[in-house]
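Asker: Before anything else, here's the structure in question.
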Amino acid sequence: LFRYPSPPLGTEHYYAAKVFSQILSGGMFGRLFIEVREKRGLCYSVYAQHSGRPEYGSFTVYAGTTPERVNETHDVIADILANPLSELTKEELDRAKNNLLSQIVLGEESTSSRSRSNASDWLLLKRIRSLAEIQSAVAAVDEGQLHQFLQSFPLAEPARLTLGSNNFGSWPEEALEIEKTDSMEQ
């Protein structure tokens with residue numbers, strides 16, 4: 166698990182962070198899925214997600230792998246995160262935005278989901294965002310905004326956590342350590 170500080174809910178780069186997470190893990194077309202799972206077969210589950218509250222935001226990358234593959238999985242993810250927008254195409258950006266918009270629209274189709282979303286907005290933002298407002302904000306994200314987001318919230322020193330069970334045999338010693346970085350203190 167890698168975790169980085171990220172834009173809080175309601176701030177300038179919030180939707181760029183949401184789109185960025187889709188570029189990395191938007192289903193079978195996400196960069197993490199393609200490189201870590203499909204090309205290298207290092208894990209079954211790998212994803213990135215952005216979550217935000219008014220006080221803070223976090224960007225998390227997760228991969229479930231075996232003890233034997235933990236170091237290689239870590240290295241491959243770190244390589245992707247070192248230059249995450251390299252060779253970004255318009256098609257890839259559009260696919261990420263459309264995937265995010267589809268998730269939002271489908272998530273708002275049930276009355277209970279929309280009620281939860283409205284209640285969350287009211288509690289956290291003191292106002293309710295319309296679906297059109299959210300769609301417009303996502304659609305407006307461009308490559309320049311993604312770069313601005315990464316300049317404001319660089320993927321430098323993450324908080325890292327590796328967990329496992331002794332039931333799976335012996336783990337490499339470095340996989341048993343929790344590394345505390347400066348970003349954990351923020």
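Counting with this note's numbering, you get residues 166 to 351 for the letters of the sequence shown. Glycine residues also receive a C-beta, built at the ideal position from the N, C-alpha and C atoms.
Taking its Cβ as the centre, do 16 or more other Cβ atoms sit within 10 Å of residue 242, making it buried, or is it exposed?
Answerer: buried
Asker: Grouping DSSP H, G and I as helix and E and B as strand, with all else coil, what is residue 254?
Answerer: coil
Asker: Which parts of the stretch 306-334 are runs of the alpha helix (DSSP H), unbroken and 4 residues or longer, counting only runs that do not cross its ends?
Answerer: Fully enclosed alpha helix (DSSP H) runs of 4 or longer: 308-317.
Asker: Exposed or buried, which one is residue 254 when buried takes at least 16 other CB atoms within 10 Å?
Answerer: exposed
Asker: Measure the beta-carbon distance from residue 186 to residue 224 and round it to whole angstroms, keeping in mind my assumption that it falls under 8 Å.
Answerer: 7 Å
Asker: Comparing alpha-carbon positions, which option in 176, 288, 204, 182 lies nearest residue 307?
Answerer: The shortest Cα separation from residue 307 among 176, 288, 204, 182 belongs to 182.
Asker: Considering only their Cβ atoms, is the gap separating residue 237 from residue 207 smaller than 8 Å?
Answerer: yes
Asker: Check the DSSP bridge columns for residue 175 and list the partner residues they point to.
Answerer: DSSP output for residue 175 lists no bridge partner at all.
Asker: Quick one: complete beta strand (DSSP E) runs, 3+ long, within the stretch 173-251?
Answerer: 208-217, 222-230
Asker: If residue 213 and residue 201 are in contact, beta carbons under 8 Å, what's the gap, nearest whole angstrom?
Answerer: Between residue 201 and residue 213 the Cβ distance is about 11 Å, and since that is not below 8 Å, they are no contact.
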